[in-house]
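> What the sequence shown shows, in this note's numbering, is residues 4 to 614, in sequence order.
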Amino acid sequence: MVVGEERGRPKRRREAHGARAWAAALSLLLTLAAACNSNGARSNDVRVQRGAVASEHPLATAVGLDVLARGGNAADAAVATAFALAVVYPQAGNLGGGGFALWVPREGNALALDFRETAPASTLVARYLDDDGKAVADRSRRGPLAVGTPGSPRGLFALYDECGSGLLRFRDLVQPAIELARDGFVVDPWLAQHLVDARDDPKWNDAARALFYPGGEPLAEGAVFVQPALADTLERIARGGPDAFYTGGVATETAEALAALPVEGLTHRVGGSVDLADLAGYAPKWREPLRGWFLGHELFSMPPPSSGGLVVMQSLAVLEGLPLDTELAKGDGEPTARMLHWWIEALRGSFADRAQHMGDPDKVDVPVRALLSPAWVASRRASIGEYARTDVAPWRPPVLEPTETTHVSVVDRDGNALSMTTTLNGRFGAGILAPGGFLLNNELDDFAIQPDAPNMYGLVGSSANAIAPGKRPLSSMTPTVVRSPDGMPELVLGSPGGPRIITSVMQVVLRVLVLEQDLVAAVDAPRLHQQWSPAATWFEASFHGGWDPDLIAALEARGHPIELVERRLGSVQAVHVDPRGVTTAYSDARRGGAAGVEGGAVAQPASPPRR
Ligand code: DON
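1) Closer than 7 Å by C-beta to Leu183: which residues in its own chain qualify, once you throw out the five before and the five after it? Chain order, please.
2) Is Asn428 a contact residue of ligand 1, with contact defined as CB to any heavy atom under 6 Å?
3) Counting only the same chain and skipping the five closest in sequence on each side, list residues whose C-beta sits under 8 Å from that of Leu518.
4) Contact defined as beta carbons within less than 8 Å: I believe Tyr249 pairs with Thr121. What is the distance between those atoms, to the nearest angstrom?
5) Mapping DSSP to helix, strand and coil, what is Met509?
6) Any idea if Glu389 is buried or exposed, counting beta-carbon neighbours within 10 angstroms, 16 or more meaning buried?
7) In this structure, how does DSSP classify Pro123 when only helix, strand and coil are distinguished?
8) Can you tell me where the beta strand (DSSP E) holding Ala201 begins and where it ends?
9) Note down the Cα distance separating Val600 from Trp289, rounded to an integer number of angstroms.
10) Okay, do the segment 413–423 and the segment 437–453 touch, 3+ Cβ pairs below 8 Å being the bar?
11) Can you list, in chain order, the residues of its chain with a C-beta nearer than 6 Å to that of Pro564? Leave out the 5 residues immediately preceding and following it.
12) Per DSSP, what are the beta-bridge partners of Asp408 in this structure?
13) Alpha carbon to alpha carbon, how far is Arg593 from Ala528?
14) In terms of alpha-carbon separation, which member of Val463, Leu447 and Leu325 lies closest to Arg144?
15) When you compare each of Thr64, Met509 and Ala597 to Val315 by their alpha carbons, which one comes out closest?
16) Can you check the segment 237–315 for any alpha helix (DSSP H) of at least 4 residues that lies completely inside it and give the ranges in chain order?
17) Am I right that Leu282 and Thr257 are in contact with their C-beta atoms under 8 Å? What's the rounded C-beta distance?
18) Can you confirm whether the segment 293–309 touches the segment 476–485 when touching is taken to mean that 3 or more C-beta pairs between the two stretches lie within less than 8 Å?
19) Measuring CB to CB, does Asp449 end up less than 7 Å from Pro476?
20) Only counting runs of 4 or more residues, tell me where the alpha helix (DSSP H) segments fall wholly within the segment 469–538, in order along the chain.
21) Please determine whether the Cβ atom of Glu348 lies at a distance below 6 Å from any heavy atom of ligand 1.
22) Excluding the five sequence neighbours on either side, which residues of its own chain have a C-beta within less than 6 Å of the C-beta of Val199, listed in chain order?
23) May I ask whether a heavy atom of ligand 1 can be found less than 6 Å away from the beta carbon of Met3?
24) Closer than 8 Å is the cut-off here; do at least three beta carbon pairs connect the segment 546–553 with the segment 459–473?
25) From Trp541, Leu214 and Arg242, pick the residue whose C-alpha is nearest to that of Gln230; which is it?
26) Once DSSP output is grouped into helix, strand and coil, what is the label at Ala606?
27) If you follow the alpha helix (DSSP H) that Gly67 is part of, which residue opens it and which one closes it?
28) Assign Glu117 to one of three DSSP states: helix, strand, or coil.
29) Taking only the alpha-carbon atoms, compute the straight-line gap between Val189 and Val227 and give it to the nearest angstrom.
30) Locate the beta strand (DSSP E) running through His547, then write down its first and last residues.
31) Any heavy atom of ligand 1 closer than 6 Å to the CB of Gly501?
32) Tell me which residue opens and which closes the alpha helix (DSSP H) that Val563 is part of.
33) Candidates Val56, Asp415 and Ser318: which alpha carbon is nearest His344's?
34) Determine the extent of the alpha helix (DSSP H) in which Leu325 is found, giving its start and end residues.
Okay, here's the thing in structure tokens:
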């Protein structure tokens with residue numbers, strides 16, 4: 004793995020966001036290595052034959068495919084798909100949350116858009132602590148102190164404005180979502196099951212309960228779900244642009260609703276939640292994508308404040324220097340125990356660095372260059388022997404996410420790729436429905452409220468990810484694009500799953516690029532997850548038959564603490580383009596998403612929901 008910078012500055016079609024974000028992002032540039040010449044080679048005779056979309060709801064995928072059919076590009080399609088997800092997938096699709104998008108055009112430079120939520124300006128750590136100074140976990144998970152200033156409306160508009168084809172109006176991209184909200188859609192088994200699961204969750208506010216539990220009962224599979232307040236808010240955004248969300252009536256109602264809510268464990272109001280000034284002042288940021296090369300393939304992923312790209316790139320860099328070929332020859336297209344041992348140890352080390360060093364790059368110094376430096380990668384690699392090293396430490400000086408996030412992958416016929424992950428954090432976010440008909444996030448739990456206090460995903464952090472006014476919480480979201488040496492998008496992917504996002508993305512990349520599995524086999528394969536703390540590695544126990552018990556025994560013999568888990572790890576949404584330009588789009592059978600290629604049917608959910 005060689006990690007390098009884009010050559011020159013990106014061509015900006017429009018100057019809407021100015022150069023300021025770029026100036027900040029340039030500090031992330033990494034050492035340019037010889038292998039980056041691959042960016043120059045382009046073979047223009049290979050075309051993507053049909054555009055493709057993968058998302059976590061069939062109706063949203065259909066909206067994206069329709070935009071491609073109308074001449075929109077991958078960015079247009081992703082924006083329309085995301086607005087549709089805000090209606091049909093309230094578990095994670097959102098207006099009241101945030102996310103990250105990676106734009107890798109066929110020509111020109113890649114861009115990363117950070118529309119992550121921010122902590123309100125009035126944030127005080129003390130509000131999250133009890134009288135003994137101990138973190139009260141629920142305060143960052145539900146109620147008004149859990150909510151970060153939403154990024155999605157301005158983020159999606161920025162994506163449209165900067166990367167869209169210019170052929171479609173913004174309101175054309177919001178319109179399908181308006182219709183789904185106003186006319187209603189049929190509740191699928193996943194939404195119905197998730198509402199049953201969340202029925203007794205104390206987080207819901209009265210408005211959310213009235214909408215999702217009419218008459219006290221969860222919306223049932225097959226019911227037609229209509230959301231008139233959300234349709235009105237979307238209509239305002241379609242007509243007035245995203246400012247209609249951040250200023251004026253929608254903003255006032257949102258801020259007032261939050262100010263009226265009680266805080267867990269307190270009888271008096273404490274303030275400190277998102278207010279009108281936070282909303283008016285929210286700005287998405289363009290950042291330089293992380294870019295590197297793995298086995299000759301060019302890889303783009305998300306820089307901080309997501310940890311995803313950095314962890315995936317460091318782990319792949321460690322693995323590239325190990326004798327993968329020797330193991331490959333023994334494995335018959337499947338990873339050997341020794342290869343899995345390497346995957347786990349590489350992840351363990353990278354997650355140790357995540358816990359210690361990663362946070363919002365606008366507020367703390369994230370040592371991106373050092374963490375990807377050949378010297379550090381080599382020393383990590385050298386520390387990997389034949390046995391598990393659960394005592395691995397972060398770079399000098401130096402769990403579990405009920406959860407939901409959602410990912411969209413799109414490729415268009417021009418060869419542009421868009422990979423976007425958005426979230427409310429937990430499933431249905433903070434469970435607070437704003438008067439405008441949208442759910443608010445509980446993203447502030449992604450901060451390390453205290454160094455030893457794990458968040459809802461069991462992740463620990465350091466002062467780099469301490470909560471502070473205006474700061475963005477560290478994320479694991481990993482929108483990623485792999486390009487072939489001739490500049491074609493080869494693999495566009497991402498996933499929900501908190502830290503399992505990172506490990507899911509990495510495993511699919513490894514299976515496609517190293518084990519040469521086809522996309523469906525690579526996504527269907529059982530997964531493992533390792534995040535440094537706790538030391539045990541999770542292995543999916545039964546999905547697609549689970550792992551070979553002999554492999555598990557061989558890893559235990561190497562000293563790996565292993566936990567077989569019934570839960571499904573991640574839900575990868577991916578598009579693959581083969582060397583002839585033929586697209587395959589696949590939505591992980593672990594959840595209820597759907598994928599489709601232009602002119603083809605939208606593939607139906609593959610497996611029933613489970614708790
Ligand atoms: O940004 C993050 O890392 C988390 N808020 C993502 C949450 C998530 O993926 C939940 N999905 N299942």
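Every residue gets a Cβ at the ideal spot worked out from N, C-alpha and C, and that includes glycine. Computed from a predicted model, the values in this text were never measured in an experiment.
Per the coordinate set shown:
1) Leu62, Ala87, Val90 and Val91
2) yes
3) Correct list, in chain order: Leu331, Gly334, Gly336, Glu337, Pro338 and Ala525.
4) The pair is not a contact, with the Cβ atoms about 12 Å apart (cut-off 8 Å).
5) helix
6) exposed
7) coil
8) First-last for Ala201: undefined, no H or E at that position.
9) 29 Å
10) no
11) Ala538 and Ala539
12) Asp is not the amino acid found at residue 408; the sequence shown has Thr there. Answer by DSSP bridge pairing, in chain order: Thr426.
13) 11 Å
14) Leu447
15) Met509
16) 246–249, 251–262 and 279–284
17) 7 Å
18) Judged by Cβ distances under 8 Å, the segment 476–485 makes contact with the segment 293–309, as three or more pairs qualify.
19) Closer than 7 Å, so yes.
20) 502–516 and 522–527
21) no
22) In chain order, Pro221 place their CB closer than 6 Å to the CB of Val199, counting only its own chain and leaving out the 5 sequence neighbours on each side.
23) Since the first residue shown for the chain is 4 and the last is 614, residue 3 is missing from the structure and cannot be characterised.
24) no
25) Residue Leu214 is the option with its Cα nearest to Gln230.
26) coil
27) Judged by DSSP secondary structure, Gly67 falls within the alpha helix (DSSP H) whose first and last residues are Pro61 to Ala72.
28) Note that residue 117 is Asp in the sequence shown here, rather than Glu. Here Asp117 sits in strand by DSSP.
29) CA-CA distance, Val189 to Val227, rounds to 5 Å.
30) For His547, there is no enclosing beta strand (DSSP E), as DSSP marks it with neither H nor E.
31) Result yes, Cβ under 6 Å from ligand 1.
32) The sequence given here has His at residue 563, not Val. Counting along the chain, His563 falls outside any alpha helix (DSSP H), and DSSP gives it neither H nor E.
33) Ser318
34) Leu325 -> no alpha helix (DSSP H), and no H or E assigned at all.
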